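Below is one structure, written out as structure tokens, with a few remarks after it.
Below, the structure written as structure tokens:
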């Protein structure tokens with residue numbers, strides 16, 4: 007499916023974004039949208055299949071890149087990425103064919119933390135975190151705090167977010183163990199949890215089931 011390449015102008019140069027417009031939406035008939043953030047060793051190029059899946063559900067999608075990744079200038083940090091994703095969100099809700107009350111966040115791995123933190127300053131209609139970790143500290147296996155430059159705390163941000171929350175995780179994830187998802191669910195009982203038989207970087211075994219489950223969550227979240 008076609009997409010429009012966008013560029014954020016930052017103090018370190020341009021940062022890339024891809025916009026996938028849903029069919030049939032316009033200024034007189036705005037529709038829902040998804041802001042997506044990918045994992046640490048990925049690029050927005052790798053998210054195209056999921057973006058297309060959302061398009062088929064009638065959602066406009068904006069994929070935001072991190073500084074220093076792919077074709078984007080600069081170097082990443084938690085503060086810089088947070089600043090850029092605030093700008094990506096503001097750009098998305100400013101589009102005349104997007105309903106600003108129906109914007110959902112979907113973050114994978116590191117992206118789950120990026121967008122969970124974003125919910126502190128920008129209120130989404132729902133959050134989906136996929137293959138996400140509880141916190142950087144929990145992933146650092148007891149490393150001293152002084153060694154942790156970026157302190158992403160997904161769990162804390164999700165606990166502060168009052169809206170619909172969906173946790174997706176693979177039972178065979180050997181990068182971020184499924185115990186992270188189970189702990190999130192334990193600490194946030196209102197959150198929904200979906201477990202699939204997949205690892206950290208591969209997709210679910212049945213994409214139809216995956217998208218049916220996400221579609222059902224979105225309908226509940228946006229009603």
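Residue numbers (our numbering): 7 to 229. Backbone N, C-alpha and C define an ideal beta-carbon position, used for all residues, glycine too. Treat the numbers as computed from the prediction; the structure is a model and nothing was measured.
Contacting residues, own chain, Cβ-Cβ under 7 Å from residue i (five flanking each side not counted)
i	result
residue 60	40, 67
Contact set for residue i: own chain, Cβ-Cβ below 6 Å, skip 5 residues either direction
i	result
residue 31	37, 103
residue 107	none
Segment limits, alpha helix (DSSP H) that includes residue i
i	result
residue 118	116-124
residue 86	84-100
residue 220	213-228
Reduced DSSP category for residue i - H, G, I as helix; E, B as strand; rest coil
i	result
residue 207	coil
residue 61	helix
residue 202	strand
residue 27	coil
residue 66	strand
residue 136	strand
Contact belief for residue i with residue j at Cβ below 8 Å, rounded distance in angstroms
i	j	result
residue 177	residue 119	At roughly 21 Å, the Cβ-Cβ gap does not stay under 8 Å, so residue 177 and residue 119 are not in contact.
residue 88	residue 170	About 22 Å separates the two Cβ atoms, so there is no contact after all.
Residue i - containing beta strand (DSSP E), residue span
i	result
residue 14	10-16
residue 197	Note, residue 197: premise wrong, no beta strand (DSSP E); not H, not E.
residue 43	37-43
Own chain, CB closer than 8 Å to residue i, minus 5 neighbours either side, in chain order
i	result
residue 92	124, 127, 128
Selected residue, minimal CA-CA separation from residue i, among the options
i	options	result
residue 224	46, 71, 26, 109	109
residue 221	134, 195, 192	134
residue 143	137, 156, 132, 42	156
residue 174	191, 64, 130	191
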